[in-house]
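Chains V and C are the protein sequences, given in the same order.
So for the first sequence, the numbering used here puts the first residue at 1; every next one is plus one.
So for the second sequence, the numbering used here puts the first residue at 262; every next one is plus one.
Note that beta-carbon positions come from the ideal geometry of N, C-alpha and C, so glycine has one too.
None of these values were measured; they are calculated from a predicted model.
Here's the structure we're looking at; comments come further down.
Protein chains: 2
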Amino acid sequence: MYAEAAYDCSLPEPSPMRWIAEAPNPEVLESPRRAISGSPTCSLRAVCMPLDLTATEVEELDNVVLAIRNVRCGKTLFRARDAFQSLYAVRTGSFKTVVMHRDGYEQVTGFQIPGDPLGLDGVCAGMHNCDAIALEDSTVCIIPFGQLESLCCKSHRMQRYLHQLMSSEIVRESSLMMLLGTMTAEQRLATFLLDLAARFRARGYSGAQFNLKMSREEIGCFLGMTLETVSRMFSRFRQEGMVEPNGKEIRIVDAERLARV
Amino acid sequence: MYAEAAYDCSLPEPSPMRWIAEAPNPEVLESPRRAISGSPTCSLRAVCMPLDLTATEVEELDNVVLAIRNVRCGKTLFRARDAFQSLYAVRTGSFKTVVMHRDGYEQVTGFQIPGDPLGLDGVCAGMHNCDAIALEDSTVCIIPFGQLESLCCKSHRMQRYLHQLMSSEIVRESSLMMLLGTMTAEQRLATFLLDLAARFRARGYSGAQFNLKMSREEIGCFLGMTLETVSRMFSRFRQEGMVEPNGKEIRIVDAERLARV
DNA sequence: CGGTTAGTTGAGAAAGCTCAACAGATGTGG
DNA sequence: CCACATCTGTTGAGCTTTCTCAACTAACCG
């Protein structure tokens, strides 16, 4: 689905500073890794960014991307407590990040689509703090963090870019805390759908119609409710003519009204 | 309360990489700001850090701290949408950070005690994303972000330190998402009290007995419940002999059992 | 084609919220 | 310094939302 679509970043980007990784070469590389440094096959294009990097800087960023990696549906890109080496940018496909409590219960902390960064939580302790699991067969760009830091020493704008990337993750998570702390189940699902729609739109896909790659249970686990409640809220939205859910196929009929829920 | 206590950082630090700002000089400076660069009055000591900075690096960090600033109880250090210029480190007192939705409801995203950083969310968009409000008369160190970035270009360890600081904020927020998404009211309050206790302990204060500077309402707003529920949970903990709450004065009697709630 | 998984819907239970009353603490002006 | 007003915290009762358990259907898979 993602590979075919054309990118159009003229629209405003709701989650600022995301890497958009183009997939110009249909011949994807084998898992787990294969070095492609110096090769133009994985051109990491830093678009939709608040500060414009120069051509040289983009090229330097591209050179840092050593390889891409395939992750099959259901497999982990990294697990909590794995040693942190690299940041990742989703190239094709999608992921969920999950933090687990020893007592078994778990919380989905985010869903990542092409252009989204993964692994920023690992810098803190030198090990990853969550599991990143592919929701479908996916590819990521590998950005060795040490090299990225070196690059940041040379370029102020690159440095600022990395800092903004990390800060935007902090801001994204505060919005989620607000969602979890203050909203009803209905409002949470509405907010979730509108956010997804905006992110798809910003990447050139339709914001009105899209395919959920995650299950009702995973949505519930993200929004702090049970899968049954998620299902009921979908039904309610259908009854009220705001959303036309058909299993995983979602069509947003009345975004205005959805936002006012 | 904070000024008198001796610091003892031999104990493990639960929230890694926090700046501990000593307050060696009781004669605090006037609000809003007064430059003290080059002066030893505000010695920002980077202790309890996972990577040890050299004496020179600590000195350089100290030099970046231009001033300290007083914030009276109830006043804001910064507001959402204020231009982002500086990071802050709490020196004495305490703060809450609040994100607001246009519809009036708000979420407390954190409570900061001495040594905690403030303002990391501002890097993203060049403006602050939340309000930082003093819970009592407080002082903060001002760290101009541009200068900190320059310093990071010169020192890899300083750069790594900043990145860890930002990443740990990401990790902290994921724990909060887990708390808000998966725990009962009882578990949330227990977790909150134990986290506070651990943070006080790591700073050399008693972890068994401390004073809450925030109201029941603010706690509820942080933990995603009403002030009544917070109050009821305190009463339950007292009945079960785990906590001895006396208004804002809290004594943790049985931390083990509290952790098992 | 049978077995498994994902999604929907219903009914009853439980957690937490709302509204209300009240107590204690704090602050303020006379 | 007192009287009054205000704010904060506690507790109760009834209500609402969401959860749990269960049944059922549709889709998917080997």
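Any beta carbon of chain V sitting closer than 8 Å to that of Leu404/C?
On the second sequence, position 143 is the one that residue 404/C refers to. Note on identity: in this sequence residue 404/C is Ile, with Leu being the wrong assignment. It does not; no Cβ of chain V falls within 8 Å.
Name the two residues that bound the continuous beta strand (DSSP E) containing Ser492/C.
Sequence index remark: in the second sequence, residue 492/C carries index 231 (1-based). Looking at the DSSP string, Ser492/C is not in any beta strand (DSSP E); the run it does join, the alpha helix (DSSP H), is Leu488 to Gln500.
I'd like the span of the beta strand (DSSP E) that includes Ala395/C, first residue to last.
On the second sequence, residue 395/C is found 134 positions in, with the first residue counted as 1. Asp392 to Ala395 is the extent of the beta strand (DSSP E) around Ala395/C.
Helix, strand or coil: which one does DSSP assign to Arg464/C?
The residue you call residue 464/C lines up with position 203 of the second sequence. Three-state DSSP puts Arg464/C in coil, outside helix and strand.
With a threshold of 8 Å between beta carbons, is Ser168/V in contact with chain C?
Translated into positions along the first sequence, residue 168/V becomes position 168. Yes, Ser168/V lies at the interface with chain C (some Cβ there is under 8 Å from its Cβ).
What would DSSP say about Val228/C, mapped onto helix, strand or coil?
One cannot answer for residue 228/C here, as it falls past the ends of chain C, which runs 262 to 522.
Could you pull out every residue in the same chain whose Cβ sits closer than 8 Å to the Cβ of Thr487/C, ignoring the five residues on either side in sequence?
Residue 487/C sits at position 226 when you count from the first residue of the second sequence. Cβ within range, chain order: Gly481.
Is DSSP giving Ile431/C helix, strand or coil here?
Here residue 431/C corresponds to residue number 170 of the second sequence, with the count starting at 1. Helix at Ile431/C.
With contact counted as at least three CB pairs below 8 Å, one residue from each stretch, are the region 110-120 of chain V and the region 230-237 of chain V in contact?
no
I'd like to know whether the C-beta of His163/V is nearer than 8 Å to at least one C-beta of chain C.
Within the first sequence, numbered from 1, the residue matching residue 163/V stands at position 163. Yes, because at least one Cβ of chain C sits closer than 8 Å to the Cβ of His163/V.
My output table needs one value for Tyr422/C: the three-state DSSP class, helix, strand or coil.
Here residue 422/C is taken as the residue at index 161 of the second sequence, counted from 1. In the structure shown, Tyr422/C sits in a helix (DSSP, three-state: H, G or I).
Does the beta carbon of His362/C come closer than 8 Å to any beta carbon on chain V?
As a working mapping, residue 362/C is identified with position 101 in the second sequence. It does: the Cβ of His362/C has a partner Cβ on chain V nearer than 8 Å.
Quick one: grab the DSSP three-state call for Cys303/C.
Taking the second sequence and counting its residues from 1, the one referred to as residue 303/C is at position 42. With a pLDDT of only 42 at Cys303/C, under the threshold of 50, the placement of this residue in the model should not be trusted, and no figure is reported.
For Phe406/C, the first and last residue of its enclosing beta strand (DSSP E)
Along the second sequence, read from residue 1 onward, the residue named residue 406/C stands at position 145. Counting along the chain, Phe406/C falls outside any beta strand (DSSP E), though it belongs to the alpha helix (DSSP H) covering Phe406 to Lys415.
Taking only beta-carbon atoms, is Glu479/C less than 8 Å away from chain V?
Reading the second sequence from its first residue, position 218 is the one you call residue 479/C. Answer no: the Cβ-Cβ gap between Glu479/C and chain V never drops below 8 Å.
Distance between beta carbons of Glu186/V and Val261/V, contact taken as under 8 Å
Position 261 of the first sequence, counting from 1, holds the residue named residue 261/V. Position 186 of the first sequence, counting from 1, holds the residue named residue 186/V. Their Cβ separation, rounded to whole angstroms, is 6 Å, which keeps Val261/V and Glu186/V in contact under 8 Å.
What is the residue span of the beta strand (DSSP E) that Tyr371/C lies within?
Position 110 of the second sequence holds residue 371/C. In the sequence as displayed, the identity of residue 371/C is Gly instead of Tyr. Run containing Gly371/C: Glu367 to Gln373, per the beta strand (DSSP E) assignment.
By Cβ distance, which residues of its chain are closer than 7 Å to Leu162/V, with the 5 residues on each side in sequence left out?
If you number the first sequence from 1, residue 162/V lands on position 162. So the list reads Leu148 and Cys152, once near-sequence residues are dropped.
Considering only the alpha carbon of each residue, which of Arg464/C, Arg462/C and Glu489/C lies closest to Leu450/C?
Position 189 of the second sequence, counted from the first residue, corresponds to residue 450/C. Cα-wise, what sits closest to Leu450/C is Glu489/C.
Taking a contact to mean a Cβ-Cβ separation below 8 Å, would you say Glu173/V touches Glu434/C in this structure?
Position 173 of the first sequence, counting from 1, holds the residue named residue 173/V. Position 173 of the second sequence, counting from 1, holds the residue named residue 434/C. The answer is yes: Cβ separation under 8 Å.
Going along chain C, which residues have a C-beta under 7 Å from Leu120/V?
Position 120 of the first sequence, counted from the first residue, corresponds to residue 120/V. Per Cβ cutoff of 7 Å: Ser428 and Ile431.
Backbone secondary structure at Leu327/C - three-state DSSP:
One-based indexing of the second sequence puts residue 327/C at position 66. Three-state result, Leu327/C: coil.
Establish whether the CB of Met439/C and some CB of chain V are separated by less than 8 Å.
By 1-based counting over the second sequence, the position of residue 439/C is 178. So, interface residue.
Do Val90/V and Val140/V have their CB atoms nearer than 8 Å?
Here residue 90/V is taken as the residue at index 90 of the first sequence, counted from 1. Here residue 140/V is taken as the residue at index 140 of the first sequence, counted from 1. Result yes, Cβ atoms of Val90/V and Val140/V sit closer than 8 Å.
What's the call for Cys334/C, buried or exposed, on a 16-neighbour Cβ count within 10 Å?
As a working note, residue 334/C is residue 73 in the second sequence. That one is exposed.
What separation, rounded to the nearest whole angstrom, lies between the Cα atoms of Lys474/C and Ala459/C?
Here residue 474/C refers to the residue found at position 213 of the second sequence. Here residue 459/C refers to the residue found at position 198 of the second sequence. Their backbone Cα atoms lie some 16 Å apart in a straight line.
According to DSSP, simplified to helix, strand and coil, what is Arg291/V?
Residue 291/V is absent from the structure shown; chain V starts at 1 and stops at 261.
Within 10 Å of its beta-carbon, does Asn331/C have 16 or more other beta-carbons around it, so buried, or fewer, so exposed?
The residue given as residue 331/C occupies position 70 in the second sequence. That one is buried.
Here's a check: name, in chain order, each residue in its chain whose Cβ is nearer than 7 Å to the Cβ of Asn129/V, leaving out the five neighbours to either side.
Against the first sequence, residue 129/V aligns to sequence position 129. Excluding sequence neighbours, Asn129/V sits near Ala80, Val99, Asp121 and Gly122.
Spatial neighbours of Phe78/V in its chain, beta-carbon cut-off 6 Å, leaving aside the 5 residues before and after
Residue 78/V sits at position 78 when you count from the first residue of the first sequence. Taken in chain order, the residues that qualify are His128 and Ala132.
Looking at the strands, I want to know which residues DSSP matches up with Thr353/C.
Here the question's residue 353/C lines up with position 92 in the second sequence. Bridge partners of Thr353/C: Thr400/C.
Alpha carbon to alpha carbon, how far is Arg251/V from Leu196/V? Give it in angstroms, no decimals.
To locate residue 196/V, count along the first sequence from 1; it is residue 196. To locate residue 251/V, count along the first sequence from 1; it is residue 251. If you take the alpha carbons of Leu196/V and Arg251/V, they lie about 12 Å apart.
DSSP three-state label for Met177/V, please.
Sequence index remark: in the first sequence, residue 177/V carries index 177 (1-based). Correct three-state label for Met177/V: helix.
Let me check understanding here. Comparing Cα to Cα, which of Ile404/C, Arg421/C and Leu348/C lies closest to Phe145/V?
In the first sequence, the residue the question calls residue 145/V occupies position 145. Out of Ile404/C, Arg421/C and Leu348/C, Arg421/C has the C-alpha closest to the C-alpha of Phe145/V.
How about Ser349/C: is its C-beta nearer than 8 Å to some C-beta of chain V?
Here the question's residue 349/C lines up with position 88 in the second sequence. Residue identity check: residue 349/C is Tyr in the sequence provided, not Ser. No, its Cβ sits nowhere closer than 8 Å to a Cβ of chain V.
Tell me where the beta strand (DSSP E) around Leu258/V begins and ends.
The residue you call residue 258/V lines up with position 258 of the first sequence. Run containing Leu258/V: none in the beta strand (DSSP E); it sits in the alpha helix (DSSP H), Ala255 to Arg260.
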